[in-house]
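A quick write-up on the structure given underneath.
Residue numbers (this note's numbering): 9 to 133.
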């Protein structure tokens with residue numbers, strides 16, 4: 009079960025507002041970004057939450073990978089996004105692909121600042 013788990017909290021995103029509110033637009037882009045890094049999409053689920061008195065609803069975009077998963081949650085009223093990229097390294101090392109995908113996700117949202125973490129999962133061989 010050796011793998012790599014990357015997380016990023018993105019603050020004050022300067023991207024176009026639709027990237028934070030349009031589940032289909034965001035989801036299609038995430039799936040394309042996954043494939044561009046060489047990871048394999050096996051399923052996807054995108055959901056837009058209803059708006060509130062604080063503004064439009066956010067989005068959850070989840071892409072299941074042959075290698076594990078990618079999940080994003082947006083908070084348009086805060087211009088914030090959380091990103092989660094997890095890859096199993098069973099049968100091959102997907103570390104570079106995961107890092108490239110996270111870089112693409114962060115660049116898409118253009119945050120003023122981020123908090124990123126990296127966790128090596130599982131035991132060494």
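Glycine included, C-beta positions come from ideal geometry on N, C-alpha and C.
Helix, strand or coil at residue 51 according to DSSP, with G and I counted as helix: strand
Can you tell me the Cα-Cα spacing of residue 107 and residue 64, whole angstroms? 30 Å
Pick helix, strand or coil for residue 39, following the three-state DSSP scheme. helix
Can you look up residue 124 in the DSSP assignment and give me helix, strand or coil? strand
So the alpha helix (DSSP H) residue 25 belongs to, where does it begin and stop? Element bounds for residue 25: n/a, residue is neither H nor E.
Strand pairing of residue 31, partner residues [DSSP]: According to DSSP, residue 31 bridges with nothing at all.
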